[in-house]
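First the structure, in the form of structure tokens, and then the observations on it.
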Amino acid sequence: VTSQKAGAGGWTGGVSGWHSNAMGERIQIPDIPEEARTPLVKGLVDSIEQLVQKVRQQEEKIAQLEDEIAVLKGEKKRPRFKPSQLDKQAGREEGALREGKRPGSEKRSKTASLVIHEEQVIAPTEAVPEGSRFKGYREVVVQDLVIRAHNTRYRLERWETPEGRTLRGELPVSVRGGHFGVTLVSYIVYQHHHCQVTQPLLLEQLREWGIDISAGQIDALLTGKHEPFHEEKDALLSAAYVSASYLTVDDTGARHRGQNGYTTHMGNELFAWFGSTKSKSRINFLQLLRAGHEDYRVDAEAWAYRQAQKLPHGPLERLRTDSDWLFANEAHWNAHLTRLEIIQERHRRIATEGALLGSVLHHGFPKDLPVVSDDAGQFKVLCHGLCWVHAERLIHTLVPLNPTHRQELAAVRSQLWELYADLKAYKAHPSPKQKTELEARFDVLFTTQTSFETLNQTLRRIQRNKAELLLVLDRPDIVLHTNGSERDLRDPVKKRKVSGGTRSDLGRRCRDTFMSLKRTCRKLGVSFWHYLTDRIAHTCAIPPLPDLIQQRAAPNH
Numbered sequence: 002v003t004s005q006k007a008g009a010g011g012w013t014g015g016v017s018g019w020h021s022n023a024m025g026e027r028i029q030i031p032d033i034p035e036e037a038r039t040p041l042v043k044g045l046v047d048s049i050e051q052l053v054q055k056v057r058q059q060e061e062k063i064a065q066l067e068d069e070i071a072v073l074k075g076e077k078k079r080p081r082f083k084p085s086q087l088d089k090q091a092g093r094e095e096g097a098l099r100e101g102k103r104p105g106s107e108k109r110s111k112t113a114s115l116v117i118h119e120e121q122v123i124a125p126t127e128a129v130p131e132g133s134r135f136k137g138y139r140e141v142v143v144q145d146l147v148i149r150a151h152n153t154r155y156r157l158e159r160w161e162t163p164e165g166r167t168l169r170g171e172l173p174v175s176v177r178g179g180h181f182g183v184t185l186v187s188y189i190v191y192q193h194h195h196c197q198v199t200q201p202l203l204l205e206q207l208r209e210w211g212i213d214i215s216a217g218q219i220d221a222l223l224t225g226k227h228e229p230f231h232e233e234k235d236a237l238l239s240a241a242y243v244s245a246s247y248l249t250v251d252d253t254g255a256r257h258r259g260q261n262g263y264t265t266h267m268g269n270e271l272f273a274w275f276g277s278t279k280s281k282s283r284i285n286f287l288q289l290l291r292a293g294h295e296d297y298r299v300d301a302e303a304w305a306y307r308q309a310q311k312l313p314h315g316p317l318e319r320l321r322t323d324s325d326w327l328f329a330n331e332a333h334w335n336a337h338l339t340r341l342e343i344i345q346e347r348h349r350r351i352a353t354e355g356a357l358l359g360s361v362l363h364h365g366f367p368k369d370l371p372v373v374s375d376d377a378g379q380f381k382v383l384c385h386g387l388c389w390v391h392a393e394r395l396i397h398t399l400v401p402l403n404p405t406h407r408q409e410l411a412a413v414r415s416q417l418w419e420l421y422a423d424l425k426a427y428k429a430h431p432s433p434k435q436k437t438e439l440e441a442r443f444d445v446l447f448t449t450q451t452s453f454e455t456l457n458q459t460l461r462r463i464q465r466n467k468a469e470l471l472l473v474l475d476r477p478d479i480v481l482h483t484n485g486s487e488r489d490l491r492d493p494v495k496k497r498k499v500s501g502g503t504r505s506d507l508g509r510r511c512r513d514t515f516m517s518l519k520r521t522c523r524k525l526g527v528s529f530w531h532y533l534t535d536r537i538a539h540t541c542a543i544p545p546l547p548d549l550i551q552q553r554a555a556p557n558h
């Protein structure tokens, strides 16, 4: 057995080969032929292998303890897991088949499309001798930005008619009711909601540029008179219900008035919608799915849901014999349950979920619209699909205890990657024969028995979700993961880290609205800056975002 310095490293081979110890030394366990393995040599190699495995377990334990110490010190700990390799594996296979030039190899003129606002002719610094010939210009385009205060005084004429009436000039609609112009208001909203600039920094910046504005005025511009924006945001869900092939959903933490809450995301490749509440229960999710409506409905769908959730006979009969079936809001519904003496938390929850589901379906949510999630329980309603990346993560986070476990784990993950890649191929060209083959491969993979019992239990857990993981076989138009939701949720996460939380219901509503509109604009290829200036100036040159969603979805719907 030999060793040499190799710097910090990790496990690099199988049982035989190079290994790194905690001191950064690479320890080589030679591959000894079977005929040379005397009892003494075999015992020595076995002992070294056991020591290496024990050191590896100790390194993992030390790393966990270091994470705990880092948390206690207020520092960051290691990521819990590495990024999933599923899409990377498939991307490498697809990239090997692509031909042509690499991205970015075809250069374009960087100034051909620029609008020239000013032109200056510069003569040589030396005097031009007599008899010299003019040879034209060498053009250099320099981009710059003009930042300055621009104040406009509107002088509204007033006239008195012979009849005694007073005629007055009217302000442009874009500045009525305020003392700040379209560009300034758009800039404040853009900086705060798109660039995550806090209100104190905005105040300091604008005052340095010569704008006479107060902290209260900035807050009013960010939260007040935005009802048209709220209405357009609320209409996104209704438009998606009509045109979407699927929804991906997820949630993240949010702070409001010093209390922990949650921001729920719903979206697909054409839109993003955020709603912040104090809960992330199934009741909360169904309330958000109502797309702004507040009613509770007791109909056939509500009864079917209650029976499926095994609501006990007593509460079920009291609800069945009651003649009321429509309730205007939550207060009326809760009073109705109390009047029927349905007081146990579980019974009230199931009854409420059923009434909310009836309202959701009544207001246009398609019963067969797939909802793809990360297996969180609150999202499991109606047609539900699961994210393959989160399923693979259950396997990826397992820690093997010996080389055999490591090999079996690697083999299972390799087969899972291959199945995932073939599911992506099936989405592009579905066929009944391939569907049957993929179902059979799923059963074989997730009923595999290995010597790693924790892996066996994880595989059985995933196998129980077969219908939701293989929903793509019946609906090839859905996605296999919730990466879109996770990307969209970066906005509220950044907002939470920069600004902490919101302090008023109106502030929370504005945050959700502008996050939704910004992400939707990006997905539709609409400049968020141009969108803001268009809406604030009331020019309406950009169509309503719900209309754009339906137009983009129409060819594929």
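Letter by letter, the sequence shown follows residues 2 to 558 in the working numbering. By construction, the Cβ of each residue, glycine as well, lies at the ideal position given by its N, Cα and C atoms.
Inter-residue spacing [alpha-carbon to alpha-carbon] between residue i and residue j
{"i": "Arg258", "j": "Arg504", "result": "5 Å"}
{"i": "Gln379", "j": "Pro433", "result": "33 Å"}
{"i": "Asp300", "j": "Trp326", "result": "7 Å"}
{"i": "Leu559", "j": "Ile214", "result": "Outside the modelled stretch of the chain, which goes from 2 to 558, sits residue 559, for which no answer is possible."}
{"i": "Lys311", "j": "Ala555", "result": "40 Å"}
{"i": "Val361", "j": "Gln288", "result": "8 Å"}
{"i": "Ser560", "j": "Arg520", "result": "Because the chain here runs from 2 to 558, residue 560 falls outside it and cannot be looked at."}
{"i": "Gln206", "j": "Pro493", "result": "24 Å"}
{"i": "Pro544", "j": "Arg536", "result": "10 Å"}
{"i": "Ala241", "j": "Glu270", "result": "11 Å"}
{"i": "Phe275", "j": "Arg523", "result": "15 Å"}
{"i": "Asp548", "j": "Ile479", "result": "22 Å"}
{"i": "Ala23", "j": "Leu45", "result": "At Ala23, the pLDDT of 44 sits below 50, so the modelled position is not reliable and the matter cannot be decided from this model."}
{"i": "Phe286", "j": "Thr265", "result": "8 Å"}
{"i": "Ala245", "j": "Leu202", "result": "40 Å"}
{"i": "Ala305", "j": "Asp369", "result": "16 Å"}
{"i": "Pro371", "j": "Leu338", "result": "31 Å"}
{"i": "His227", "j": "Ala542", "result": "18 Å"}
{"i": "Glu469", "j": "His385", "result": "6 Å"}
{"i": "Ala377", "j": "Leu290", "result": "16 Å"}
{"i": "Leu474", "j": "Ala422", "result": "13 Å"}
{"i": "Ala426", "j": "Gln416", "result": "15 Å"}
{"i": "Thr459", "j": "Tyr247", "result": "27 Å"}
{"i": "Pro40", "j": "Lys381", "result": "59 Å"}
{"i": "Glu302", "j": "Pro313", "result": "17 Å"}
{"i": "Lys111", "j": "Ile117", "result": "13 Å"}
{"i": "Gly25", "j": "Thr437", "result": "Bear in mind that a pLDDT of 48 at Gly25, under 50, signals an unreliable position, so the number given afterwards is only what the model happens to contain. Approximately 50 Å, taken between the alpha carbons."}
{"i": "Glu94", "j": "Val373", "result": "Residue placement at Glu94 cannot be trusted, given a pLDDT of 48 that sits under 50; what the coordinates show is reported in the next sentence. Cα to Cα, Glu94 sits roughly 26 Å from Val373."}
{"i": "Val243", "j": "Gln435", "result": "30 Å"}
{"i": "Thr540", "j": "Asp296", "result": "35 Å"}
CB of residue i within 8 Å of CB of residue j, strictly
{"i": "Thr322", "j": "Trp334", "result": "no"}
{"i": "Trp389", "j": "His294", "result": "no"}
{"i": "Asp251", "j": "Ser486", "result": "yes"}
{"i": "Ala273", "j": "Asp489", "result": "yes"}
{"i": "Thr224", "j": "Cys511", "result": "yes"}
{"i": "Ser157", "j": "Gly165", "result": "Position check: residue 157 holds Leu in this sequence, whereas Ser was assumed. No, the Cβ-Cβ distance between Leu157 and Gly165 is not below 8 Å."}
{"i": "His538", "j": "Val183", "result": "Per the sequence presented here, residue 538 reads as Ala, with His not at that position. Yes; because the gap between Cβ atoms is below 8 Å, this pair is in contact."}
{"i": "Asp307", "j": "Ile351", "result": "The residue asked about is misnamed: residue 307 is Arg in this sequence, not Asp. Against a cut-off of 8 Å, the Cβ pair of Ile351 and Arg307 comes out as a contact."}
{"i": "Gln197", "j": "Val445", "result": "no"}
Residues bridged to residue i [DSSP beta-bridge criterion]
{"i": "Asn484", "result": "BP columns for Asn484 are empty, so no partner."}
{"i": "Thr265", "result": "Asp252, Gly276"}
{"i": "His257", "result": "Gln260, Thr503"}
{"i": "Arg159", "result": "Arg169"}
{"i": "Phe328", "result": "Tyr297"}
Residue range of the beta strand (DSSP E) that includes residue i
{"i": "Gly315", "result": "Where Gly315 is concerned, there is no enclosing beta strand (DSSP E), although the alpha helix (DSSP H) it sits in stretches over 314-322."}
{"i": "His385", "result": "385-387"}
{"i": "Thr459", "result": "Premise fails: Thr459 lies in the alpha helix (DSSP H), 454-464, not in any beta strand (DSSP E)."}
{"i": "Thr167", "result": "167-169"}
{"i": "Ser374", "result": "372-374"}
Residue i - containing alpha helix (DSSP H), residue span
{"i": "Ser239", "result": "228-244"}
{"i": "Glu409", "result": "404-429"}
{"i": "Gly182", "result": "Note, Gly182: premise wrong, no alpha helix (DSSP H); not H, not E."}
{"i": "Gly217", "result": "216-224"}
{"i": "Leu341", "result": "No alpha helix (DSSP H) holds Leu341; DSSP gives it neither H nor E."}
{"i": "Phe286", "result": "283-290"}
{"i": "Arg442", "result": "433-447"}
{"i": "Ala150", "result": "Run containing Ala150: none; DSSP gives neither H nor E here."}
{"i": "Gln551", "result": "546-554"}
{"i": "Ile537", "result": "529-538"}
Review point. Does the segment 209-220 touch the segment 346-359, meaning 3 or more C-beta pairs lie closer than 8 Å?
Key: For the pair of segments examined, the segment 346-359 was found not to touch the segment 209-220: the number of CB pairs separated by less than 8 Å stays below three.
**Study point:** Validate contact between the segment 452-460 and the segment 397-405 using beta carbons, cut 8 Å, 3 pairs
**Key:** Per the Cβ contact rule, the segment 452-460 is in contact with the segment 397-405 (3 or more Cβ pairs under 8 Å).
Exercise for review: Could you say if the segment 108-123 and the segment 138-147 meet the contact criterion of at least three C-beta pairs nearer than 8 Å?
Suggested key: Put simply, the segment 108-123 touches the segment 138-147. At least three CB pairs are less than 8 Å apart.
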